[in-house]
Amino acid sequence: MCPPRIRYRIATHSAGVARASRRMVPVGSGRRRPDRCDRGSRRVPGAGDRRGERTAYRMVGSSFRTDHRHAAERRSGGGMSESAQRASHTPPPTTSTRHRPLTSSARGPQVASRVGIALGAAVLICFGTGLLSHWIQHPPSWFQWPAHPVWLYRVTQGTHVITGVAAIPLLLVKLWAVYPRLFNRPVFGSPLRMLERGSIALLVGSTIFQLGTGLINIAQYYPWKFFFTTTHYAMAYVAVGALAVHLAVKLPVVRTALRDKDSSEQTDEIGPRDGVSRRAVLTAASVSAGAAAVAVAGQTVPFLRWAAVLAPRSGQGPQGVPVNRSALAAGVDELARDPEYRLTVTVGGLRRRFSRAELLALPQTSAQLPIACVEGWSAGAHWSGVRLSELLAAVGTYRGGDIRFDSLERGGLYATSVLPHHHATDPDTLIALSLNGAPLDIDHGYPCRLIAPNRPGVLQTKWLSGIEVLS
Numbered sequence: 061m062c063p064p065r066i067r068y069r070i071a072t073h074s075a076g077v078a079r080a081s082r083r084m085v086p087v088g089s090g091r092r093r094p095d096r097c098d099r100g101s102r103r104v105p106g107a108g109d110r111r112g113e114r115t116a117y118r119m120v121g122s123s124f125r126t127d128h129r130h131a132a133e134r135r136s137g138g139g140m141s142e143s144a145q146r147a148s149h150t151p152p153p154t155t156s157t158r159h160r161p162l163t164s165s166a167r168g169p170q171v172a173s174r175v176g177i178a179l180g181a182a183v184l185i186c187f188g189t190g191l192l193s194h195w196i197q198h199p200p201s202w203f204q205w206p207a208h209p210v211w212l213y214r215v216t217q218g219t220h221v222i223t224g225v226a227a228i229p230l231l232l233v234k235l236w237a238v239y240p241r242l243f244n245r246p247v248f249g250s251p252l253r254m255l256e257r258g259s260i261a262l263l264v265g266s267t268i269f270q271l272g273t274g275l276i277n278i279a280q281y282y283p284w285k286f287f288f289t290t291t292h293y294a295m296a297y298v299a300v301g302a303l304a305v306h307l308a309v310k311l312p313v314v315r316t317a318l319r320d321k322d323s324s325e326q327t328d329e330i331g332p333r334d335g336v337s338r339r340a341v342l343t344a345a346s347v348s349a350g351a352a353a354v355a356v357a358g359q360t361v362p363f364l365r366w367a368a369v370l371a372p373r374s375g376q377g378p379q380g381v382p383v384n385r386s387a388l389a390a391g392v393d394e395l396a397r398d399p400e401y402r403l404t405v406t407v408g409g410l411r412r413r414f415s416r417a418e419l420l421a422l423p424q425t426s427a428q429l430p431i432a433c434v435e436g437w438s439a440g441a442h443w444s445g446v447r448l449s450e451l452l453a454a455v456g457t458y459r460g461g462d463i464r465f466d467s468l469e470r471g472g473l474y475a476t477s478v479l480p481h482h483h484a485t486d487p488d489t490l491i492a493l494s495l496n497g498a499p500l501d502i503d504h505g506y507p508c509r510l511i512a513p514n515r516p517g518v519l520q521t522k523w524l525s526g527i528e529v530l531s
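Taking our numbering, I'd label the letters of the sequence shown as residues 61 to 531.
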C-alpha cells in the first residue's frame, strides 16, 4: 500500500489531468436533464447567437462513461432539432479581428445616402450658378441679365466657387463610403445594373473633372490645351445628366436608408465594429466641407478674408483692388501711356475722338460698384468717370441697341465686349477715369475703362480704344 504522501500526489495528478481534458462544447437551446458533469457549466456568448440569444457551453469530463454517452447522443441527435444540431457544431467565439469582416456602419447606405445628398446639392448649385455665368457672358437671344442689384453677380459667382471647393471633401468621403461596392461582381448584368454602373462611371469621372479643373482655374493655371470655359460648360451637362440617372436608379435605396434610422445604431450595439462610426464620418465630412468653404470664401466675403488660406488672391492690389491681367501681360503698357491716346466713339454713323483731358472735362459721376471675377474673387470700389449715356449723347442720338467696346489689347480672349441696351442706359454705367479717389492705375485700365453694375469682370473692358453702337 502506498504511503499517504504518494497517494496524495497521485490523486492530485489525476485531478489535474481530468481538469485539463475537460472541454467546452455547445449545447442546443432545448431543455435537457443535467448530469453530474454539468455542475460547473456556464453560459457564454456564441458566434451562432441569433437576435440576442446565447449558445450555452458546458464543461464535459473525459471519463469513458461520459464520452460514450455523449457520443451516442451525437449519433442519435440527442433529441435536438436539426437547427440545434447545426448550432452545436458552431465553434466558440474568438476575440481575433484579423479575419473579421468589415462591419463598420460608416461604410453603408446610411452614410453614402446622406453624404450623397449633400454632394448632389452642391453639384446642382454649381451647375445653376455656372450656367448663369455662361449665359451672362454668352447670352442667348431670350436671356436678359438685370443691372440691379449691383451685387447679384458677386454673390452668384462667389457661391459657385465656394460650393465647388466644399464639394471636394464631400466627394472624397462619398467615394470612401461606397468604395468596396464599386468592385462588386458581376460588373455587368441586367439592363438596370448596366445603367447603374454606367451612370456611376460617368458621374464619378465628370465630377472629378469638373471639380479638379475648376480648382486649378481659380489659380489661373492652365496645364491643358483645351479652352476651359467651353469644356467646363459642356461637362457640366454630362455631370448633371449622370447625377439624374444615378438618382433615379438609387432612389429606392436612398429612401430606405433615410427611413431606417436605427439600423446603424443596432449594428454598433450587437455586432463587431471596425474603424470609425457613422456619426464620426458624417461629422468629419461636414467639418471638412465647411472648413474648405471658409478657407476660400474670404475672397468674396470681406469679413472672412483673414481665414481665406486657400484663396489665390489676398484681396490686395493697386488702389486696393486685385488685378487679373496687368498692362504688361496684355502688351498695352506703351499704348496706354501714349500722350496721343484718343478714345473713338461712334453713334449712328457719327464719330468723335476724345482725349483723356476731354473726358475729364465732361460732367463726372461717381458710383460704388463691386468688380467680380469669374474665378470667384470680388472687391467693392468707388469709381468716378463719365456716364456712358452722356458720352453717347455728346456724339449723337442714341436710339437703343447693344454697344461694343474695344480694347487697346489685341488678340486677347476678352479684348472686345458687348454691353446690352438696358445696361447702357443705366446711370451707374460709367467710362471710369478714377478709382478710389485717384486716377486709374495702368493695371486697372488707364487711361479709361468700362465699369457697369452686375457684370463679370472679364466683360468690364480695360484700356478702351473704341466704343460703337451696334445697329
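Note that CB positions come from ideal geometry on N, CA and C, so glycine has one too.
Residue nearest to L463 in terms of C-alpha spacing, selected from E528, W284 and G517: Along the sequence shown, read from residue 1 onward, the residue named residue 463 stands at position 403. Correcting the residue type first, residue 463 is Ile in the shown sequence and not Leu. Among E528, W284 and G517, the Cα nearest to that of I463 belongs to E528.
Under 7 Å between C-beta atoms of D503 and V383: For the purposes of this step, residue 503 is identified with residue 443 of the sequence shown, where counting begins at 1. For the purposes of this step, residue 383 is identified with residue 323 of the sequence shown, where counting begins at 1. Yes, the pair counts as a contact, with Cβ atoms nearer than the cut-off.
Quick test of the definition: if touching needs 3 or more C-beta pairs under 8 Å, does the segment 385-399 touch the segment 169-182? Under the three-pair Cβ rule at 8 Å, the segment 385-399 does not count as touching the segment 169-182.
Can you tell me whether DSSP reads H535 as helix, strand or coil? Lying before the first or after the last residue shown, residue 535 is absent from the chain, which here runs from 61 to 531.
Separation of L191 from H198, as counted between CA atoms: The residue labelled residue 198 in the question sits at position 138 within the sequence shown. The residue labelled residue 191 in the question sits at position 131 within the sequence shown. Per the coordinates, the alpha-carbon of H198 lies some 10 Å from the alpha-carbon of L191.
Should L419 and V446 be called a contact, given that it needs their Cβ atoms to be closer than 7 Å? As a first step, residue 419 is located in the sequence shown; it is residue number 359 there, counting from the start. As a first step, residue 446 is located in the sequence shown; it is residue number 386 there, counting from the start. A contact, by the Cβ cut-off of 7 Å.
So H442 is in the beta strand (DSSP E); what residue range does that whole segment cover? Taking the first residue of the sequence shown as 1, we reach residue 442 at position 382. S438 to R447 is the extent of the beta strand (DSSP E) around H442.
Quick one, which of R315, E256, P169 and V361 has its alpha-carbon nearest V309's? As a first step, residue 309 is located in the sequence shown; it is residue number 249 there, counting from the start. With distances taken between Cα atoms, V309 lies closest to E256.
Between S348, H306 and S477, which lies nearest to V233 when the distance is taken from Cα to Cα? Taking the sequence shown and counting its residues from 1, one reaches residue 233 at position 173. Per the Cα distances, S348.
How many Å lie between T521 and V405 at the Cα? Along the sequence shown, read from residue 1 onward, the residue named residue 521 stands at position 461. Along the sequence shown, read from residue 1 onward, the residue named residue 405 stands at position 345. Each residue's alpha carbon lies about 15 Å from the other.
Could you name the residues that DSSP lists as bridge partners for V405? Taking the sequence shown and counting its residues from 1, one reaches residue 405 at position 345. R412 and I527, per the DSSP bridge assignment.
Quick check: the segment 487-500 against the segment 509-523, are there 3 or more CB pairs under 8 Å? yes
Go ahead and label R515 buried or exposed: buried means 16 or more other beta carbons lie within 10 angstroms of its beta carbon, across all protein chains shown. Walking along the sequence shown from the start, residue 515 turns up at place 455. R515 comes out buried.
Are the segment 211-225 and the segment 356-368 touching, with three or more C-beta to C-beta distances below 8 Å? yes
Would you identify the three-state DSSP class for V478, choosing helix, strand or coil? Here residue 478 corresponds to residue number 418 of the sequence shown, with the count starting at 1. The answer is strand: DSSP assigns V478 an E or B state.
Start and end residues, alpha helix (DSSP H) containing A261: Here residue 261 refers to the residue found at position 201 of the sequence shown. Start and end: P251 to I278.
Where A351 and G180 are concerned, what is the direct C-alpha to C-alpha distance, given to the nearest angstrom? Residue numbering aside, residue 351 sits at position 291 when the sequence shown is read from its first letter. Residue numbering aside, residue 180 sits at position 120 when the sequence shown is read from its first letter. Spanning the two alpha carbons is a distance of roughly 19 Å.
So L231 and T273 are in contact, right, with Cβ under 8 Å, and what is the actual spacing, rounded? Position 171 of the sequence shown, counted from the start, is the residue given in the question as residue 231. Position 213 of the sequence shown, counted from the start, is the residue given in the question as residue 273. Not confirmed; about 14 Å, so no contact.
At a cut of 8 Å, does the segment 424-439 reach the segment 271-289 through at least three beta carbon pairs? yes
Assigned secondary structure, P499 (DSSP; H/G/I helix, E/B strand, else coil): Taking the sequence shown and counting its residues from 1, the one referred to as residue 499 is at position 439. Secondary structure at P499: strand, using DSSP grouped into helix, strand and coil.
Could you tell me if G460 is buried or exposed, where buried requires 16 or more neighbouring beta carbons within 10 angstroms of its beta carbon? For this step, residue 460 is matched to residue 400 along the sequence shown. Exposed: under 16 other Cβ atoms inside 10 Å.
Using the three-state DSSP reduction, which class does V336 fall into: helix, strand or coil? Here residue 336 refers to the residue found at position 276 of the sequence shown. Three-state result, V336: coil.
For V238, which residues of its own chain have a beta-carbon under 6 Å away from its beta-carbon, when the five flanking residues on both sides are left out? Locating residue 238 in the sequence shown gives position 178, where the first residue counts as 1. Here the set comprises A172.
Start-to-end residues for the alpha helix (DSSP H) that takes in D393: Within the sequence shown, the letter at position 333 stands for residue 393. Note, D393: alpha helix (DSSP H), D393 to R397.
Which residues in the same chain as A178 place their Cβ atom closer than 6 Å to its Cβ, once the five residues preceding and following it in sequence are excluded? As a first step, residue 178 must be located in the sequence shown, where it is residue number 118. Cβ neighbours of A178 beyond the five flanking positions: L230.
Quick check on K522: does DSSP put it in helix, strand or coil? Here the question's residue 522 lines up with position 462 in the sequence shown. K522: coil per DSSP, three-state reduction.
Can you tell me the Cα-Cα spacing of S531 and T457, whole angstroms? On the sequence shown, residue 531 is found 471 positions in, with the first residue counted as 1. On the sequence shown, residue 457 is found 397 positions in, with the first residue counted as 1. Going from the Cα of S531 to the Cα of T457 covers about 13 Å.
Go through its chain and collect everything with a Cβ distance to R129's Cβ below 6 Å, but skip five positions before and after it. As a working note, residue 129 is residue 69 in the sequence shown. Its pLDDT being 46, under 50, R129 is placed unreliably by the model, and the measurement read from it follows with that caveat. Spatial neighbours of R129 in its own chain (CB-CB distance under 6 Å, excluding positions within 5 residues in sequence) are not present.
So, are the CB atoms of A227 and L184 less than 7 Å apart? Mapped onto the sequence shown, residue 227 falls at position 167. Mapped onto the sequence shown, residue 184 falls at position 124. Taking 7 Å as the cut-off, the Cβ atoms of A227 and L184 do not count as close.
From what residue to what residue does the alpha helix (DSSP H) around L179 run? Here residue 179 is taken as the residue at index 119 of the sequence shown, counted from 1. Note, L179: alpha helix (DSSP H), P169 to Q197.
Which of helix, strand or coil DSSP assigns to S348: In the sequence shown, counting from the first residue as 1, residue 348 sits at position 288. Three-state result, S348: helix.
Would you mind reading off the limits of the beta strand (DSSP E) that contains A432? The sequence position of residue 432 within the sequence shown is 372, counting from 1. Segment T425 to A432, the beta strand (DSSP E) holding A432.
Between which two residues does the beta strand (DSSP E) harbouring R464 extend? As a first step, residue 464 is located in the sequence shown; it is residue number 404 there, counting from the start. Unbroken beta strand (DSSP E) run through R464: I463 to S467.
Which same chain residues end up closer than 7 Å to F203 when comparing Cβ atoms and leaving out the 5 residues on each side of it in sequence? Taking the sequence shown and counting its residues from 1, the one referred to as residue 203 is at position 143. These residues qualify, in order along the chain: W195.
Alpha carbon of V298 to alpha carbon of T291, nearest angstrom: Working through the sequence shown from its first residue, we reach residue 298 at position 238. Working through the sequence shown from its first residue, we reach residue 291 at position 231. Distance between the alpha carbons of V298 and T291 is about 11 Å.
Out of R385, N496 and G505, which has the shortest C-alpha to C-alpha gap to L473? To locate residue 473, count along the sequence shown from 1; it is residue 413. For the residues R385, N496 and G505, the minimum Cα distance to L473 belongs to R385.
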